[in-house]
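Quick notes on the structure that follows.
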Amino acid sequence: MSQGQPRRPVDQPIKYGDVFSVEGEMAEKAVAPGDAAVMQSAESLMLGQRAPLVPPPIVQGDGITIGEALEAAGITAGHKPVERSDAAAIQAAEVRATGRTDVVPGGVAAVAQSAATHNAQTPRREDKTKLRDVLADASSKLPSDRPATMRDAKGVTSAETRNDSNLTTHPTGVAASVAVAARLNEKGDKAP
1 MSQGQPRRPV
11 DQPIKYGDVF
21 SVEGEMAEKA
31 VAPGDAAVMQ
41 SAESLMLGQR
51 APLVPPPIVQ
61 GDGITIGEAL
71 EAAGITAGHK
81 PVERSDAAAI
91 QAAEVRATGR
101 TDVVPGGVAA
111 VAQSAATHNA
121 QTPRREDKTK
131 LRDVLADASS
141 KLPSDRPATM
151 RDAKGVTSAE
161 TRNDSNLTTH
171 PTGVAASVAV
181 AARLNEKGDK
191 AP
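With UniProt numbering as the guide, the letters of the sequence shown map in order to residues 1 to 192.
Here's what the structure looks like:
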């Protein structure tokens, strides 16, 4: 972080506008407790600023897309090696974004599945493919995309949980990011 960039005071709540480019009242609204871990992680990774890696989604019109939520997961959990559960969650997200039931050749899910297979056979953590490598520019790699819904979040969460040896999701991973996007979109639909 360069010296001229302001940081949010530690004792202040994280606001949606601190992480996503949102307009109006939503930007000043404090993050809900369930979203706080994802937002805190995103904020710390982005060092108090919006990430230069991907343009922040703007909550207006249709809302945050599934592809944008995948990109957010690449920021918040980017250091995490891709595992089978991540690949399954990414595939579920891609299916929901595109409406296709098959894996898009060369798409985000195909790359994630390949990375998970590679990582399972790679003993050294530093040699493993990370989520940031797979999810960078995810929305541009999807043949089609659409706003995340709570139904999408549940499907992605289910896929990630089913494919995890502990039957859990990563607190700042793919399912968490899609869930945050869906909650923001749902709140945006209820805004005046």
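Quick reminder that beta carbons are idealized off the backbone N, C-alpha and C, glycines included.
From residue i to residue j, what distance separates their C-alpha atoms?
i	j	result
E126	T101	33 Å
P123	P105	27 Å
residue 219	S165	Lying outside 1 to 192, the shown extent of the chain, residue 219 is not represented and no answer is given.
L184	N119	33 Å
I75	A116	18 Å
A73	K154	16 Å
K141	E28	32 Å
V59	G173	Residue placement at V59 is flagged as unreliable, the pLDDT there being 44, under the threshold of 50; a coordinate-derived value is accordingly withheld.
S114	E94	15 Å
V111	G188	32 Å
Q121	A92	23 Å
H170	V108	19 Å
R84	N163	6 Å
R50	V103	Unreliable placement is indicated for R50, whose pLDDT of 40 sits below 50; the coordinate value is still reported in the next sentence. Their backbone Cα atoms lie some 31 Å apart in a straight line.
With distances taken Cα to Cα, identify the nearest neighbour of residue i among the options.
i	options	result
R132	T157, E68, R146, E28	E68
P143	G99, G78, A77, A88	G99
A77	S114, A93, V134	V134
A148	S177, H79, G107, V103	S177
A97	S158, L70, T168	L70
Quick test of your reading: residue i and residue j, contact by CB under 8 Å. State the CB separation rounded to the nearest angstrom.
i	j	result
D145	T65	4 Å
A88	E186	So it is not a contact: roughly 24 Å between Cβ atoms.
T156	A175	Residue 156 is actually Val in this sequence, not Thr. Sure, about 5 Å apart at Cβ, within 8 Å.
- Task: Taking only runs that begin and end inside the UniProt region "Disordered" (114 to 170), name each unbroken alpha helix (DSSP H) of 4 or more residues, in chain order.
- Result: 131 to 135, 138 to 141, 150 to 162
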